[in-house]
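Here the structure is laid out as structure tokens; the discussion comes afterwards.
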Amino acid sequence: DLRPGERLGVMGHNGAGKTTLLRALAGVYPPTQGSVEVDGDVATMFDIGLGMDIEANGRENIFLLGYSRGLDPAHLRSKIDEIATFSGLGPYLALPVKTYS
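Under UniProt numbering, think of the first position of the sequence shown as 1, with each following residue one higher.
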């Protein structure tokens, strides 16, 4: 369980499954066991049917996915730095998603 404001780090060697785990938690991959709950509701950050625009950069995709969830643009702008830090992408948010590993 994570309380509001708490963060969780995932560390491991190359090939250990960090990216796969995060994609499963985000709903990109359906979990084979268990579930993800946010505030008691099963939730995903990304709708599998929606997908990301791999030609667009990370920042553009944050807004695209945020808009699809009905989030306010000002709220999204206020979260960009936090998302960049949490994701570890930092300056790479300006690069096309297709260049991410």
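Yeah, the Cβ is synthetic: ideal placement off N, Cα and C, and Gly gets one too.
Closest by C-alpha distance to residue i, when choosing among the options
i          : options        : result
residue 58 : 98, 16, 67     : 98
residue 80 : 62, 71, 8, 21  : 62
residue 5  : 96, 16, 82, 90 : 82
residue 22 : 15, 14, 10, 32 : 10
residue 88 : 32, 8, 1, 33   : 8
residue 56 : 92, 32, 3, 85  : 92
residue 60 : 12, 14, 96, 16 : 96
residue 1  : 35, 15, 100    : 35
Status (buried if at least 16 other CB within 10 Å, exposed otherwise) for residue i
i          : result
residue 54 : exposed
residue 73 : exposed
Same chain only: Cβ atoms within 6 Å of residue i, ignoring 5 sequence neighbours per side
i          : result
residue 29 : 23
residue 43 : Bear in mind that the predicted position of residue 43 carries a pLDDT of just 49, short of 50, making it unreliable; the figure below should be weighed with that in mind. If we look at residue 43 and ignore the five residues flanking it on each side, it has no Cβ neighbours.
residue 90 : 84
residue 48 : Its pLDDT being 40, under 50, residue 48 is placed unreliably in this model, and the value from its coordinates should be taken loosely. There are no such residues.
Neighbourhood of residue i by C-beta, 8 Å cutoff - its chain only, sequence neighbours within 5 removed
i           : result
residue 100 : 58, 89, 92
Enumerated in chain order, which unbroken segments of the alpha helix (DSSP H) with a length of 4 residues or greater are wholly contained in the segment 57-82? 58-68
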